[in-house]
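Which chain is which? The protein sequence lines are A and B, in order.
Position one of the first sequence corresponds to residue 120 (the numbering used here), numbered consecutively onward.
Position one of the second sequence corresponds to residue 120 (the numbering used here), numbered consecutively onward.
All C-beta atoms in this analysis are idealised placements derived from N, C-alpha and C, irrespective of residue type, glycine included.
Remember, it's a predicted structure, so these values are computed and weren't measured experimentally.
Number of protein chains: 2
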Amino acid sequence: MTKTPLRLGIVGLGTVGSGVIKMLNKNATLLSARTGRQIIVSAVSARSRSKERGIDLAGIDWEDSPVALAKRDDVDALVELMGGSEGPAKEATLAAISTGKDVITANKALLAIHGQSLALAAEKAGQVIRFEAAVAGGIPVVKALTEGLAGNKINRILGVMNGSCNYILTRMETSGLSYDEIFAEADALGYLEADPNLDVGGIDAAHKLALLAAIAFGTKVNFASVVLEGIGAITIEDINAAADMGYRIKLLGVSQMTERGLEQRMTPCLVSAGSPLGQLEGGTNMVILEGEDSGQIVLRGAGAGEGPTASAVMSDIIDIARGQRINTFGQPASSLVDAKPTTATTSAPFYLRLQLLDKPGALAKIAAVMGKANVSIDRMRQYAHDTDSAPVLIVTHKTTRAAIDQILNEFSKTKLIGDRPVALRIESI
Amino acid sequence: MTKTPLRLGIVGLGTVGSGVIKMLNKNATLLSARTGRQIIVSAVSARSRSKERGIDLAGIDWEDSPVALAKRDDVDALVELMGGSEGPAKEATLAAISTGKDVITANKALLAIHGQSLALAAEKAGQVIRFEAAVAGGIPVVKALTEGLAGNKINRILGVMNGSCNYILTRMETSGLSYDEIFAEADALGYLEADPNLDVGGIDAAHKLALLAAIAFGTKVNFASVVLEGIGAITIEDINAAADMGYRIKLLGVSQMTERGLEQRMTPCLVSAGSPLGQLEGGTNMVILEGEDSGQIVLRGAGAGEGPTASAVMSDIIDIARGQRINTFGQPASSLVDAKPTTATTSAPFYLRLQLLDKPGALAKIAAVMGKANVSIDRMRQYAHDTDSAPVLIVTHKTTRAAIDQILNEFSKTKLIGDRPVALRIESI
């Protein structure tokens, strides 16, 4: 071993930061064999110095200021595990770049908002920013996309990238309990962010999707244009009805480059119950990368947690230790083009659930509205009922979201539809 | 673009070689953006110059000799797609290394047999050998293991790595036809190697498993010690009986480092029908990497075919174009240790299918044999029958292969077991 050690500075010592230090310690021999050098931690910084973390920080300097840590001469690479798109995480990242350090981050919010400017700054300074841990926890999906499938034109990316949402949806299905009940359960188990809207509103998953889209399509990260719809409106009735027709409901991220522009959606969708996505239970994540030549590559693993996320951080650390230097989004940030987003999404079948008033001719009227909008019906079910309205499920043939919105609007004018009608896209996989 | 082009020499122009040239042509702009340089083909070599391949070879030199091609001054990297562990593939690889070229290969047999000496030679010469396409087609599993999970101690690798075998087994299940009938069908469809024993004997898949094990455990490739059992003895009765008890039969590769030594098996196993492996249909491949911290990472995709395999070759080409240089097995070949193989495999439940002669006390005698060998019964089924023997299925509690072999031996002495008894391991996932 003739190479100099790689010296890390770690800011943020939550479960992931602690996990990284544990892995560096217990796997030191293995890491030296694999990278040809020693990996050491020069300094750490976190909010509380006294907190018990189950790790030995002896011999590691403490810095109260993440920025001061980032600027230290004995740090070659900053490991940023604080989170948040603004404030100390961003400041420490910029300080590291400006003083000649590489940056490894698990911070999806930071990169989803500032990825383009940070990547530009890093590349101008000859440094790299890597972010495997920011997307889908322990699954090496950033590497698979940026390197493993780099020979392919990417056609589409799909994924379940928020384990908390998938936990809630699959628990609703197995327990038969309501969204509110399972939300409370997930919250009590500590599965939700301090601001749960980051999870159930789909924001966290949309950050991840936007990062993958930039790599896949050579576009500047464009989080703002992700069509975003959380899972808060999903009812146990929808979950049961979807199951009854052979589907499962997932908070599904989809990104594809179309003639109309870049399509990015993070919305609840129906997927076939027998597909790999349909079979995904609990907090597990799955990302499907569709390359023109590779075909569908399905990646599945833990989307969060100390070990899996630390494992992803470690892979970036090892890349840097090995001298594997790659542009943040797989090509120079200066060559990324504006995304030209479209909200006119690709056509698809849709699932509709209506409460239809029990009046003669009601169904005929609904069908006529759909016919007029050129939305044809693939399958329909009306269920027995003992109230004055009947639950009706409709699966349409392929149509557009715009046409669906139009018929929902027309439906409401008929005064025949009780409750809020539900319309969810059925994604083909 | 200030960097010089990467100049390739390709030996072997079957479907994969042609696929690589097609990808280089159609994705030239995208590849330049992603690698920062042009990738060109200086020369090609194949058995037949006149064969129609659907690719334009204008401007590319032709060499009759793969070795002469490998030695050319205008080749920076050799792309070896001929196959075979000896002869021209090995000679061209050695010629490339000795004249200062990197090597990209899809040749699992070559590396399974000569991987250690070739990696040593390459590393001594400062060259790299990369082989993403040698394992599981389009799935970037070599990269996931060598780089993505490099921070982890790897606990176990499992996988279905031969699409032809999985096709045969799943077709038997869906059609109810016999092994021989489906074997003939697969052969007619061109799914089998010229020597079908490479597929159905498990050799091809065992080559792949041995390569992954070397990376995972830091051991010299040891193909010779893989416990090898093909699918030729699997009957439709076993497939149906397994399904009846909630299992599917897969040709499963498993590798793990135990206290007894390195365990490598490529054998038909039962897996839970509801697991990702159990749900794998047709020619698709799946590899599961179990890292101590990452947990289970499941990778799934096409295991063969022009596009997927060419995509994997391209990822190695791109790595080299980008200057990403990594040791063949993830650490210096000189640091890989001898594998110390064990055939004393980890204990597991086993599935037994017996034809039990219809005599009073027969079952008691069988049960006594099992009890004496300390093999306890988890579940048992005896089926209705109109012959003089009854099919009996037994699922044991965890035991060893040695104990199973012992009871099979004792069974035969009882003269109560007709036909050949079947014993298959049940792998927990």
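Out of curiosity, what's the CA-to-CA distance linking residue i and residue j?
{"i": "Met120(B)", "j": "Gly131(A)", "result": "Residue placement at Met120(B) is flagged as unreliable, the pLDDT there being 47, under the threshold of 50; a coordinate-derived value is accordingly withheld."}
{"i": "Ala329(A)", "j": "Val340(A)", "result": "6 Å"}
{"i": "Thr354(A)", "j": "Ile276(A)", "result": "27 Å"}
{"i": "Ala522(A)", "j": "Ala240(A)", "result": "44 Å"}
{"i": "Ala305(B)", "j": "Leu311(B)", "result": "7 Å"}
{"i": "Ser453(A)", "j": "Leu268(A)", "result": "21 Å"}
{"i": "Lys478(B)", "j": "Gly257(A)", "result": "56 Å"}
{"i": "Gly321(A)", "j": "Lys517(B)", "result": "44 Å"}
{"i": "Glu348(A)", "j": "Leu317(B)", "result": "50 Å"}
{"i": "Lys327(A)", "j": "Ser374(B)", "result": "33 Å"}
{"i": "Gln235(A)", "j": "Ala208(A)", "result": "16 Å"}
{"i": "Val511(A)", "j": "Asn285(A)", "result": "26 Å"}
{"i": "Asn493(A)", "j": "Leu527(A)", "result": "13 Å"}
{"i": "Gly133(B)", "j": "Leu396(B)", "result": "30 Å"}
{"i": "Gly402(A)", "j": "Asp314(A)", "result": "18 Å"}
{"i": "Lys534(A)", "j": "Ile287(A)", "result": "33 Å"}
{"i": "Gln474(B)", "j": "Ile536(B)", "result": "5 Å"}
{"i": "Lys470(A)", "j": "Val514(A)", "result": "According to the sequence displayed, residue 470(A) carries Tyr and not Lys. Rounded to the nearest angstrom, the two C-alpha atoms are 5 Å apart."}
{"i": "Ala467(A)", "j": "Ile496(A)", "result": "12 Å"}
{"i": "Ile129(A)", "j": "Ala177(B)", "result": "54 Å"}
{"i": "Lys484(B)", "j": "Thr506(B)", "result": "20 Å"}
{"i": "Glu425(B)", "j": "Gly393(B)", "result": "30 Å"}
{"i": "Cys388(B)", "j": "Asp193(B)", "result": "49 Å"}
{"i": "Ser137(B)", "j": "Ala429(B)", "result": "8 Å"}
{"i": "Asp221(A)", "j": "Gln450(A)", "result": "17 Å"}
Could you pull the start and end residues of the beta strand (DSSP E) that residue i belongs to?
{"i": "Gln443(B)", "result": "Run containing Gln443(B): none; DSSP gives neither H nor E here."}
{"i": "Thr515(A)", "result": "Ser508 to Thr515"}
{"i": "Thr553(A)", "result": "No statement about residue 553(A) is possible, as the shown extent of chain A runs from 120 to 548 and does not include it."}
{"i": "Leu125(B)", "result": "Leu125 to Val130"}
{"i": "Val160(A)", "result": "Ile158 to Ser164"}
{"i": "Leu371(A)", "result": "Tyr366 to Thr377"}
{"i": "Glu382(B)", "result": "Gly380 to Ser391"}
{"i": "Gln501(B)", "result": "Ile496 to Gln501"}
Whose C-alpha, out of the options, is nearest the C-alpha of residue i?
{"i": "Pro124(B)", "options": "Ala492(B), Ala440(B) and Ser508(B)", "result": "Ala440(B)"}
{"i": "Met376(B)", "options": "Ala458(B), Val279(B) and Ser169(B)", "result": "Ala458(B)"}
{"i": "Glu356(B)", "options": "Gly337(B), Ile368(B), Ser531(B) and Gly202(B)", "result": "Ile368(B)"}
{"i": "Ile273(B)", "options": "Leu317(B), Ile287(B), Thr506(B) and Ala263(B)", "result": "Ala263(B)"}
{"i": "Gly442(A)", "options": "Gln246(A), Ser283(A) and Ser236(A)", "result": "Gln246(A)"}
{"i": "Asn271(A)", "options": "Ile216(A), Val494(A), Asp299(A) and Ile334(A)", "result": "Ile334(A)"}
{"i": "Ala196(B)", "options": "Ser204(B), Leu213(B) and Pro207(B)", "result": "Leu213(B)"}
{"i": "Phe530(B)", "options": "Leu512(B), Ser184(B), Val488(B) and Pro510(B)", "result": "Val488(B)"}
{"i": "Ser151(B)", "options": "Leu127(B), Ile174(B), Lys122(B) and Val135(B)", "result": "Lys122(B)"}
{"i": "Val261(B)", "options": "Leu475(B), Asp438(B), Ala492(B) and Val514(B)", "result": "Asp438(B)"}
{"i": "Leu237(A)", "options": "Ala211(A), Pro395(A), Glu251(A) and Thr265(A)", "result": "Ala211(A)"}
{"i": "Gly372(B)", "options": "Leu331(B), Ser394(B) and Gly393(B)", "result": "Leu331(B)"}
{"i": "Ser344(B)", "options": "Gly380(B), Ser137(B) and Leu176(B)", "result": "Gly380(B)"}
{"i": "Glu400(B)", "options": "Ser283(B), Lys170(B) and Val254(B)", "result": "Ser283(B)"}
{"i": "Val541(A)", "options": "Ile496(A), Leu455(A), Ala352(A) and Pro468(A)", "result": "Ala352(A)"}
{"i": "Lys190(B)", "options": "Thr218(B), Ala303(B), Ser169(B) and Leu176(B)", "result": "Thr218(B)"}
Could you spell out where the alpha helix (DSSP H) holding residue i opens and where it closes?
{"i": "Met142(B)", "result": "Thr134 to Lys145"}
{"i": "Met489(B)", "result": "Ala481 to Lys491"}
{"i": "Asn404(A)", "result": "No alpha helix (DSSP H) contains Asn404(A), which is instead part of the beta strand (DSSP E) from Thr403 to Gly410."}
{"i": "Leu330(A)", "result": "Ile322 to Phe336"}
{"i": "Val541(B)", "result": "Premise fails: Val541(B) lies in the beta strand (DSSP E), Ile536 to Ile545, not in any alpha helix (DSSP H)."}
{"i": "Ile355(B)", "result": "Ile355 to Asp363"}
{"i": "Leu317(B)", "result": "Asn316 to Val319"}
Indicate, with yes or no, if the ligand MN has a heavy atom lying under 7 Å from the CB of residue i.
{"i": "Ile436(B)", "result": "As presented, the structure is devoid of all ligands, the ligand MN included, so that no description of it is given."}
Using a beta-carbon distance below 8 Å, is residue i in contact with chain C?
{"i": "Val390(B)", "result": "The chain inventory of the structure shown lacks chain C, comprising the protein chains A and B."}
Are the stretch 410-420 of chain B and the stretch 378-392 of chain B touching by the rule of at least three beta carbon pairs closer than 8 Å? no
Runs of 4 residues minimum, wholly inside the stretch 414-474 of chain B: which ones carry the alpha helix (DSSP H) assignment? 425-440
Suppose only complete runs of 3+ residues qualify. What are the beta strand (DSSP E) ranges in the stretch 266-311 of chain A, listed by chain order? 273-279
Three or more C-beta pairs below 8 Å linking the stretch 434-453 of chain B and the stretch 499-512 of chain B: no
Report the residue ranges of all beta strand (DSSP E) runs contained in full by the stretch 175-231 of chain B; include only those spanning at least 3 residues, in chain order. 196-199 and 221-224
Cβ contact (3+ pairs, closer than 8 Å) linking the stretch 220-229 of chain B and the stretch 160-179 of chain B: no
Is there contact between the stretch 427-434 of chain A and the stretch 135-152 of chain A, where contact requires at least three CB pairs shorter than 8 Å? yes
Can we say the stretch 184-198 of chain A touches the stretch 398-418 of chain A, given the rule of at least three CB pairs closer than 8 Å? no
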